[in-house]
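Remarks on the structure that follows.
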Amino acid sequence: MQNHPAYTDNDPQTEYSTLNLGPTHPATHGVFQNVLQLDGERIVSGVSTIGYIHRAFEKIAEHRPFYQITPLTDRLNYCSSPINNMGWHMTVEKLLGIATPKRVDYMRIIIMELARIADHIVCNGVLGVDTGAFTGFLYMMEYREEIYEIYEEICGSRLTTNIGRIGGFERNFNDIAFAKIRKFITKFPAVLKEFEALFNRNRIFVDRTRGVAAVTAEDALSYSWSGPLLRAAGVDYDVRAMEPYSSYEEFDFEVPVGENGDVYNRFLVRNEEMWQSLRLIEQALNKIEKEPSDIFHADVPAFYLPPKEEVYNNMEALIYHFKIVMGEVHTPTAEVYHAVEGANGELGFYLLNDGGRSPYRLHFRRPSFINYQMYAPMSRGMLLSDAIINMSSLNVIAGELDA
Numbered sequence: 001m002q003n004h005p006a007y008t009d010n011d012p013q014t015e016y017s018t019l020n021l022g023p024t025h026p027a028t029h030g031v032f033q034n035v036l037q038l039d040g041e042r043i044v045s046g047v048s049t050i051g052y053i054h055r056a057f058e059k060i061a062e063h064r065p066f067y068q069i070t071p072l073t074d075r076l077n078y079c080s081s082p083i084n085n086m087g088w089h090m091t092v093e094k095l096l097g098i099a100t101p102k103r104v105d106y107m108r109i110i111i112m113e114l115a116r117i118a119d120h121i122v123c124n125g126v127l128g129v130d131t132g133a134f135t136g137f138l139y140m141m142e143y144r145e146e147i148y149e150i151y152e153e154i155c156g157s158r159l160t161t162n163i164g165r166i167g168g169f170e171r172n173f174n175d176i177a178f179a180k181i182r183k184f185i186t187k188f189p190a191v192l193k194e195f196e197a198l199f200n201r202n203r204i205f206v207d208r209t210r211g212v213a214a215v216t217a218e219d220a221l222s223y224s225w226s227g228p229l230l231r232a233a234g235v236d237y238d239v240r241a242m243e244p245y246s247s248y249e250e251f252d253f254e255v256p257v258g259e260n261g262d263v264y265n266r267f268l269v270r271n272e273e274m275w276q277s278l279r280l281i282e283q284a285l286n287k288i289e290k291e292p293s294d295i296f297h298a299d300v301p302a303f304y305l306p307p308k309e310e311v312y313n314n315m316e317a318l319i320y321h322f323k324i325v326m327g328e329v330h331t332p333t334a335e336v337y338h339a340v341e342g343a344n345g346e347l348g349f350y351l352l353n354d355g356g357r358s359p360y361r362l363h364f365r366r367p368s369f370i371n372y373q374m375y376a377p378m379s380r381g382m383l384l385s386d387a388i389i390n391m392s393s394l395n396v397i398a399g400e401l402d403a
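Using full-length UniProt numbering, you'd call the opening residue of the sequence shown number 1 and step up by one each time.
Okay, here's the thing in structure tokens:
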């Protein structure tokens, strides 16, 4: 971390001003607070305060059947909620020993990579806004909307998606969904090139971001950073490559790595990740064509809700529906951890199960919570205006900060 040399300790002869940055200031992009001591425009010290929207999700999950926990995961990082949903489903599948068909894996990769693009559109677009460039943000929002329309076609929801099920998907992707996905990956590359042209060599943007909040690989690792922030600092760790899930090991993609972990490198890494996500989606579409078109769920009737028409007309289907919804299905006593590569880093689920209808204990490893702990110490000696864009580049999502 880079600290201004003049601010290694508070000078007792200097009168500092106190500034509350948050919890409701628009520049914080969420409900959290930093109490800053300022010497003019420069930050002397700061204390981060979180918990303003703590909703006790982990405790609530201990009283819910596995299916009813999925909507809770939506409200962690709501900018890329399908990744949360599917990470939870994979955790339960690991507990139950469910092997998903290849076509389900490829469908999940399509949705998770679309979610990653949507998340990075927001983060890098807002970083542009915070440095005074509104055009790129407005331009890219049109294509986040197209991703939301794909979600809507598949599951009926847009932001908090509740997409997929334990073992796969509730229903197959229809022809309209596939057409919208192909249309998006055809149109978006040209848009992403224009977005990069607006920022990558823009003198004002580069001067505002290069060298700001630089972090060494050692510091990033010591604070347990992950995701684009860790890779921007030069560490090539990506859960999809290091601990593959959902058949990622079959795909050809690169892990973008930065140099010095500053705001500019974080921006570049996220842009490159969008290119890699497009590659992954295209490969997944090609692989899906080689799989049986009617497969969208694992063969686990004890964890897959039967079709409504069967529930209304068939007693066995009605019984299965009741048992699944109420959690009256036997589950093994086990301890499970599963992680996926969320848009902000390693999103993990630690599940301790005692064989009951609900988890005995469930803990979410939320990347924003881990990444944000360095914000106050790394802001020391920084100009207030730089601290704002530093926060923006961390992409702190308040829902992921307070579970």
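We treat Cβ as the ideally placed atom computed from N, Cα and C, and that holds for glycine.
The C-beta of residue 203 has fewer than 16 other C-beta atoms within 10 Å across all chains shown, which makes the residue exposed.
Taken in chain order, the complete beta strand (DSSP E) segments of 3 residues or longer contained in the region 23-69 are 33-39 and 42-49.
Collapsing the DSSP output to three states places residue 340 in a strand. Residue pairing of residue 334 in beta bridges, as defined by DSSP: 353.
The beta carbon of residue 359 is closer than 8 Å to those of 61, 62, 66, 69, 351, 352 and 353 in its chain, skipping five residues each way along the sequence.
When DSSP states are grouped into helix, strand and coil, residue 164 belongs to the coil group. Residue 337 counts as exposed, since fewer than 16 other C-beta atoms from the protein chains shown sit within 10 angstroms of its C-beta.
Apart from the 5 residues on each side of it in sequence, residue 102 sits with its Cβ closer than 8 Å to the Cβ of 247, 287 and 291 in its chain, given in chain order. In terms of Cα proximity to residue 162, the closest of 276, 112 and 280 is 112.
Counting C-beta pairs closer than 8 Å gives three or more between the region 119-134 and the region 389-396, which meets the contact rule. Within the region 63-121, complete alpha helix (DSSP H) segments of at least 4 residues are found at 70-74 and 81-96, given in chain order. A straight line joining the alpha-carbon of residue 175 with that of residue 34 spans about 48 Å. The Cβ neighbour count for residue 13, taken over all protein chains shown within 10 Å, is under 16; the residue is labelled exposed.
C-alpha of residue 190 to C-alpha of residue 77: approximately 27 Å in a straight line. Three or more beta-carbon pairs separated by less than 8 Å link the region 256-266 to the region 202-219, which places the two stretches in contact.
In the structure shown, the three-state DSSP call for residue 348 is strand.
Cβ-Cβ distances below 6 Å link residue 341 to 238, 239 and 240 in the same chain, with the five nearest sequence neighbours on each side left out; the list follows chain order. Annotation for residue 17: no alpha helix (DSSP H) segment contains it, though the beta strand (DSSP E) segment containing it runs 17-21. Segment contact: the region 308-317 against the region 40-51, fewer than three CB-CB distances shorter than 8 Å; contact not assigned. In this chain, the beta strand (DSSP E) harbouring residue 364 covers 361-365. For residue 383, DSSP records a beta bridge to 42. Scanning 107, 276, 199 and 218 for the CA closest to the CA of residue 168 turns up 107. The beta strand (DSSP E) runs of length 3 or more contained entirely in the region 178-228 do not exist; there are none. In this chain, residue 300 is not harboured by any alpha helix (DSSP H), its DSSP state being neither H nor E.
Excluding five sequence positions before and after residue 172, the CB atoms of its chain that fall closer than 6 Å to its own CB belong to 296, given in chain order. Exclusion of the five residues before and after residue 18 leaves 35, 36, 37 and 38 as the residues of its chain whose Cβ lies within less than 8 Å of its Cβ. Taking 8 Å as the cut-off, the Cβ atoms of residue 24 and residue 389 do not count as close. Looking at 44, 28 and 29, the one whose alpha-carbon comes closest to that of residue 16 is 44.
If you look at residue 263, you'll find it in the alpha helix (DSSP H) that goes 263-288.
Around the beta carbon of residue 222, fewer than 16 other beta carbons lie within 10 angstroms, which makes this residue exposed. By the neighbour-count definition (other C-beta atoms within 10 Å, threshold 16), residue 195 is a buried residue. Taking C-beta atoms as the reference points, residue 339 and residue 361 fail to come closer than 8 Å. Judged by DSSP in its simplified three-state form, residue 245 adopts coil rather than helix or strand.
Per DSSP, the continuous alpha helix (DSSP H) segment holding residue 143 begins and ends at 135-155.
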